[in-house]
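Residue numbers (full-length UniProt numbering): 1 to 185.
No residue lacks a Cβ here, since even glycine has one placed at the ideal position from N, Cα and C.
Predicted model only: the values in this text are computed from it and were never measured.
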């Protein structure tokens, strides 16, 4: 019996798949010692509809201030235990980032959008920042938007390249943004 339970569990893990699909957009500002980021999550239409049924309480297809606060409390704040699915790195070292600030949510077309800001310390001499969103449980699939904005707020460095790369995370593929610069030795 024990082996049947273990095999059932492994079978379930093997065929787990995302239930939520999110397009991620980053607006990044590289400063002297930090990187400030606005993060946008565009939920798929089905997930958007399900969330809006719960949080657009007056059904006016617009999120009011109180509805946004309730959405944040019930659907965003609990993501802290998962690091908000955000993973910034420099030279394969995972970077810590600030608690998300300025959370808001709105409806764009048929999609629910979360927008929030984070900041992380960086070392400009490494000349690269890699960041992506991914869910190790494989219940949410994150994909980078092509509408990425990068600004350099430092007179001695220039943006070198902005690329995305699919990175193997064992049984999950993460869509990672790679920002490179030149100028600091």
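Would you call residue i buried or exposed, if buried means 16 or more other Cβ atoms sit within 10 Å of its Cβ?
i, result
"residue 165", "exposed"
"residue 109", "exposed"
"residue 139", "exposed"
"residue 173", "exposed"
Please name the residue in the options whose C-alpha comes closest to that of residue i.
i, options, result
"residue 129", "137, 75, 30", "30"
"residue 136", "92, 84, 115, 99", "84"
"residue 120", "51, 111, 131", "131"
"residue 81", "69, 64, 67, 99", "99"
"residue 123", "69, 95, 111, 141", "95"
"residue 18", "146, 66, 43", "43"
"residue 114", "62, 183, 40", "40"
"residue 151", "105, 22, 32, 23", "32"
Cutting at 6 Å between CB atoms, please list the residues of its own chain near residue i, excluding the five before and the five after it.
i, result
"residue 126", "90, 91"
"residue 47", "20"
"residue 163", "178"
Give every residue of the same chain whose Cβ lies closer than 8 Å to the Cβ of residue i, excluding the five residues on either side of it in the sequence, and list them in chain order.
i, result
"residue 7", "The predicted position of residue 7 is uncertain, since its pLDDT is 41 and thus under 50; a value taken from the coordinates is nonetheless stated next. None."
Could you name the residues of the same chain whose beta carbon sits closer than 7 Å to that of residue i, not counting the 5 residues immediately before and after it, in chain order?
i, result
"residue 68", "104, 105"
In chain order, what are the residue ranges of uninterrupted beta strand (DSSP E) at least 3 long that sit wholly in the stretch 23-63?
34-43
Complete runs of the alpha helix (DSSP H) confined to the stretch 149-182 [at least 4 residues]
none
Quick one: complete alpha helix (DSSP H) runs, 4+ long, within the stretch 69-128?
none
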